[in-house]
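Below: one structure, written as structure tokens.
Here it is, written out as structure tokens:
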């Protein structure tokens, strides 16, 4: 009988606790940019954050250049090595 009482108390507690999923992890802020390496070739380039907070590789820098990020305006630039 005690087992049943303890079991029912545990069930009542479990039912009373809300089960809300954790908030999604934001990996980036939409419409922001960053320097990145091309995932296929390793060439310097840039990425952009989409509306789902995911980084999307956007383009390669020209040959003999590297990507540098200018914090003042939030933009990546391809500059000579």
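Numbering (mature numbering (1 follows the signal peptide of the UniProt record, and there is no 0)), first residue to last: -16 to -1, 1 to 65.
The beta carbon of each residue, even a glycine, is placed where N, CA and C say it ideally should be.
Simplified DSSP state of residue i, which is helix, strand or coil
i, result
"residue 29", "strand"
"residue 44", "strand"
"residue 54", "strand"
"residue 62", "strand"
"residue 19", "strand"
Per-residue burial, residue i [other beta carbons within 10 Å of its own, 16 or more giving buried]
i, result
"residue 64", "exposed"
"residue 15", "exposed"
"residue 47", "exposed"
Residue(s) in a DSSP beta bridge with residue i
i, result
"residue 49", "64"
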